[in-house]
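For reference, the structure discussed in these notes is given below.
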Amino acid sequence: MIGRKRIWKPVGFVDYSSLLLSVVNNVERRLMSTCRAVVVPRFGGPEVLEVRQNVGIPDLGASEVLVRTFAVGINPLDCRMRSGYGRSLFEPLLPLILGRDISGEVAAVGSSVRQLHVGQEVFGALHPTAIRGTYSDYAILSEEELAPKPPSLTHVEASAIPFAALTAWRALKSTARINSGQSLLVIGGGGAVGLSAIQLSVVAGCRVASTCGKVSIDRVMAAGAEQAVDYTSQDLKAELKGQFDAVLDTIGVPETEALGIGLLKRGGHYMTLQGEAVSLTDKYGLLAGGAAAAVVLSKKQVQYRQSHGVNYSWTIMRTDSEALEEIARLSKVGKLKIPVGKTFPMTEAAEAHRVRESKVLRGKVVLQIE
Ligand SMILES: NC(=O)c1ccc[n+]([C@@H]2O[C@H](COP(=O)([O-])OP(=O)(O)OC[C@H]3O[C@@H](n4cnc5c(N)ncnc54)[C@H](OP(=O)(O)O)[C@@H]3O)[C@@H](O)[C@H]2O)c1
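Right under this line is the structure:
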């Protein structure tokens, strides 16, 4: 783990500060057994979102951290989950608390948490399948899912970053393993994951081209892309000159898939954010759907290896503490920024979802917890 030192103490050493901390934690936990949260009691439009008082806060596991929430970045996944995406997993668990991203302050820590302490400002993101989300006065994340918030960022700014940046990281660093001198195409560079991917690639020494809306061209170029092409343009393939080592497709429709695959060098990586695992498990159930997804994926992998000599994969965000620490470092020095379009109080979560889904607004929509 980068920048986190383990402190070893001799056997029999009485650590009064830890003792005091655990007493404070216990008192705080007893005072906070419930809190306010935005819940989804049934799947549907933004109107199903309900602000509820007295929502239970589960006991902390040993490696977990209770975070007092200050800001929550809204991700497309939140809106999709609200509408029923992932119902095969989440339906039996309704009412659900949405939300992956968070920025806030540590309120209590589990018994084996060593690197974070009460009162510390932190940010981070939950895994896509986490059950209890962050649209809540208090959220629970594992220590691995959090990092100290860069002091130069506000909570609102910080909460816009982790989920999108960790998704881009997963594709570029874990799957494609991008290296200095390589070239990358980001399809949909104007969104949060796309902008993260452009900035992370530039830091890694790659050359980046991107497709985006006309309105996003300046933003994509400012993020470090060498070329930004309007996705409504007549001949995208001709305009995106050259061949790429990796393509991150944030849109993942047949047209963008064909474009990305056709522009890859042999041995390159095509990575889509729109894998079919969840839609197939929603359609056929967890077991049959999981099996169907494995078949669809391997068929495509074989097909594209044979037809174009390229690697095909579905990217799924994964929490990664080392990646989050590096994302924090890059954000601190201004090399990774996700613009925020508008903030709403948590009580207006339904309106925040409406605005997010209207697609009129540029930048991230963030809930602020009063
Ligand atoms: N698999 C995973 O684990 C994972 C994780 C995170 C996100 N996702 C998915 O990835 C997608 C992007 O997420 P995000 O957070 O970046 O969303 P976002 O911030 O809302 O960005 C979406 C962007 O897509 C652009 N766009 C729409 N149609 C396009 C096209 N035909 N060509 C190029 N760009 C197009 C829009 O660009 P303009 O504004 O320039 O028009 C918009 O900015 C969402 O569908 C989300 O659900 C998946």
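Last residue of the sequence shown? That's 1202 in our numbering, and every number before it is there in order.
Yeah, the Cβ is synthetic: ideal placement off N, Cα and C, and Gly gets one too.
Taking the Cβ of F955 as the reference point, every heavy atom of ligand 1 lies at 7 Å or farther away.
Pairwise C-beta distances place the segment 1018-1033 out of contact with the segment 1123-1136, as fewer than three of them are shorter than 8 Å. Remark: the shortest separation between the CB of L1199 and any heavy atom of ligand 1 does not fall under 7 Å.
Taking non-hydrogen atoms of ligand 1 into account, the C-beta of N907 is found less than 7 Å away from one of them. DSSP links I934 through a beta bridge to G956.
A distance below 8 Å between beta-carbons, with the five flanking residues on each side excluded, links R1194 to the following residues of its chain, in chain order: G1022, V1047, S1048, R1051, P1171, G1173.
Looking at D1062, Q947, L1168, T1179, the one whose alpha-carbon comes closest to that of L978 is Q947.
Residue environment: D891 is assigned as exposed (fewer than 16 neighbouring CB atoms within 10 Å of its CB, all protein chains considered). Only buried fits K1196, as 16 or more other CB atoms lie within 10 angstroms of its CB. With a threshold of 7 Å, the Cβ atom of F995 counts as near ligand 1, since some heavy atom of the ligand is closer than that.
Within a 10 Å sphere around the beta-carbon of A894 sit fewer than 16 other beta-carbons, which makes this residue exposed. By the beta-carbon neighbour count (other beta carbons within 10 angstroms, threshold 16), I1093 is buried. Placement of the Cβ of G1094 at a distance of 7 Å or more from every heavy atom of ligand 1 is found.
For Y1144, the enclosing beta strand (DSSP E) has its first and last residue at 1143-1146. Contact between F1076 and L1095 holds: their C-beta atoms lie close to 5 Å from each other, under 8 Å. Spatial neighbours of A1184 in its own chain (CB-CB distance under 7 Å, excluding positions within 5 residues in sequence) are listed in chain order as I906, F1176, V1197, L1199.
Remark: the C-beta of L1105 is in contact range of ligand 1, defined as less than 7 Å to any heavy atom. If you draw a straight line from the Cα of R964 to the Cα of G1117, it comes to about 22 Å. Classified as buried, Q1031 has 16 or more neighbouring CB atoms from the shown chains inside 10 Å of its CB. Here Q1075 carries a coil assignment [DSSP, helix/strand/coil]. By the CB criterion at 8 Å, Y967 and A869 fall inside the cutoff. Residue burial is scored here from C-beta neighbours: T961 has fewer than 16 other C-beta atoms within 10 angstroms and is therefore classed as exposed. CA-CA distance, G1037 to S1015, rounds to 9 Å. When the beta-carbon positions are compared, E937 and E953 come within less than 8 Å of each other. Contact annotation: V897 and L973 have beta-carbon atoms nearer than 8 Å.
Going by C-alpha positions, M1149 is about 31 Å away from Q885. If you draw a straight line from the Cα of I1010 to the Cα of N1143, it is about 14 Å long.
Look at the segment 1024-1086 and you find these whole runs of alpha helix (DSSP H), each 4 residues long or longer: 1024-1035, 1049-1054, 1068-1071. Distance from the C-beta of S1048 to the nearest heavy atom of ligand 1 is below 7 Å.
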